[in-house]
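Below is one structure, written out as structure tokens, with a few remarks after it.
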Amino acid sequence: EIKSLRARRADLELKKGDHFRSFIFEKDASAVDLAKRAEFDSAIEDTIVQMEQVRAQTRDLMRQQRGIAQSPEVLKIHDRRRSIELEAELKRMRLIRHAIIASKGLGRASLRPSAWWFPLVCPDGLWYRETVNSAECYLEPLT
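The following block contains the structure:
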């Protein structure tokens with residue numbers, strides 16, 4: 051609305067200037083021409099008043115928006131959204147970590163997968179527990 055009112059005001063100012071140059075400046079201005087100029091002044095003033103009303107409405111709406119945005123319910127929703135974003139980022143990082151371990155780690159381990167085959171060989175889990183208890187672990191660089 052403000053943009054259209056600004057455009058309307060500029061148009062009225064332009065027409066007022068054209069009218070002034072055509073009918074009043076360095077001429078004998080008639081009462082009709084002076085009345086037309088007064089009409090332009092009135093229309094411009096009305097447009098300015100409308101612009102101020104729209105600005106006041108905008109300020110009121112912004113005040114209401116700030117009030118709503120600062121309400122406890124909305125703040126709680128924003129906190130929940132941030133926690134969901136954090137969870138999603140952590141899951142993304144875990145996926146990346148697993149992808150790196152799978153792609154580079156299996157190559158370092160001579161393509162031997164982890165313990166997926168233990169339950170097939172020994173369903174009661176005894177062999178797996180003994181292997182875990184007797185295993186010696188160390189880290190190898192991935193690169």
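The working numbering puts the first residue of the sequence shown at 51, with every later residue one more than the last.
Glycine included, each C-beta is placed from N, C-alpha and C at the ideal position.
- The beta carbon of A81 is closer than 8 Å to none in its chain, skipping five residues each way along the sequence.
- In this structure the segment 111-122 does not lie against the segment 67-83, because fewer than three pairs of beta carbons, one per stretch, are closer than 8 Å.
- In the DSSP annotation of this structure, the continuous segment of the alpha helix (DSSP H) that includes K65 starts and ends at 52-69.
- Annotation: the segment 70-130 contains the following complete segments of the alpha helix (DSSP H) (minimum length 4 residues), in chain order: 81-119.
- Within the same chain, and ignoring the five residues on either side of H69 in sequence, the residues whose Cβ sits closer than 7 Å to its Cβ are K86, R87, F90.
- By the 16-neighbour rule on beta-carbons within 10 angstroms, L62 is buried.
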